[in-house]
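Residue numbers (my numbering): 23 to 190. Ideal Cβ positions, reconstructed from N, Cα and C, are used throughout, including at glycine. This structure is a prediction, so every number in the text was calculated from the model and none was measured.
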Amino acid sequence: MRGRYWLPLSYFLLATGLWLWTDYWPWLLWAFPIALVFTFLVVVSGYSMEFTIRRRWREMRKLAAQIGARDGELVRERRRRWAVIGHQASMYLQTIRPGTVAEVRRALAERIRAAGYMSHSNGYWWARTGKITLNATFATKHPFHVIPEGYVFTEIHMEEELGGVRSG
23 MRGRYWLPLS YFLLATGLWL WTDYWPWLLW AFPIALVFTF LVVVSGYSME
73 FTIRRRWREM RKLAAQIGAR DGELVRERRR RWAVIGHQAS MYLQTIRPGT
123 VAEVRRALAE RIRAAGYMSH SNGYWWARTG KITLNATFAT KHPFHVIPEG
173 YVFTEIHMEE ELGGVRSG
C-alpha cells in the first residue's frame with residue numbers, strides 16, 4: 023500500500039490551501055468529501071489488485087499444469103507482479119527434462135497448441151490477452167546447473183500483457 027496515498031493527499035492539501043488562502047470556508051463543503059471518496063477508491067483498488075494478481079497466478083499454475091511446464095525436475099519457479107497502470111502477473115519456470123532439444127521443444131509446442139495458443143514467432147505464443155513465451159534457448163549446458171547427458175534445460179516464461187498482445 024506504500025505510495026498510494028500521495029494523490030488523494032494532494033487533493034486534501036490543495037483544498038486546505040485554497041481554504042486558508044481565500045479564507046472562504048465553503049471550499050470544505052465540496053473539496054473534502056471529494057478527497058475522502060477519491061482516497062477510498064484508491065485504497066480499495068489497491069486491495070483488489072492483490073486479489074487480481076493472485077487469481078492470475080492461479081490461472082498460470084493451471085496453464086503450467088496443462089502444458090506440462092513442470093514436467094521433469096523443477097529447478098526454479100519465480101512469480102512477479104507489476105502494477106504500473108494495471109494489474110499484471112508473470113511466472114517463470116526452469117526445468118530439466120529428459121530428451122533432446124528438438125524432442126522437448128516439439129512436445130511442448132504440441133501441448134501449448136492444444137491449450138489454445140497460437141504461434142507468433144519462434145518461441146512466442148499467445149491467446150486472447152494472455153501471452154506465453156517459451157524461451158528459445160533450450161540448452162544442454164547451463165552455467166549454474168549441471169545438466170546430465172540426455173537431458174535438456176528448459177525455460178518457460180508466462181506473462182500477461184495488458185491491452186492486447188505486443189509484437190514480441
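### Task
Say whether chain C places a C-beta atom closer than 8 Å to the C-beta of residue 78.
Of the chains in the structure shown, none is chain C; there is only one protein chain.
### Query
Is residue 57 closer than 8 Å to residue 40 when the C-beta atoms are compared?
no
### Query
The beta strand (DSSP E) with residue 182 in it runs from where to where?
173–182
#### Entry: Per-residue DSSP class, three states only, for residue 100
strand
### Query
Under a Cβ-count criterion, where at least 16 other Cβ atoms within 10 Å of its own Cβ denotes burial, should residue 174 be classed as buried or exposed?
buried
### Message
On a Cα-Cα basis, can you pick out the residue from 141, 96, 178 that is closest to residue 113?
### Response
178
### Query
Roughly how many angstroms lie between the CA atoms of residue 126 and residue 87, to the nearest whole one?
16 Å
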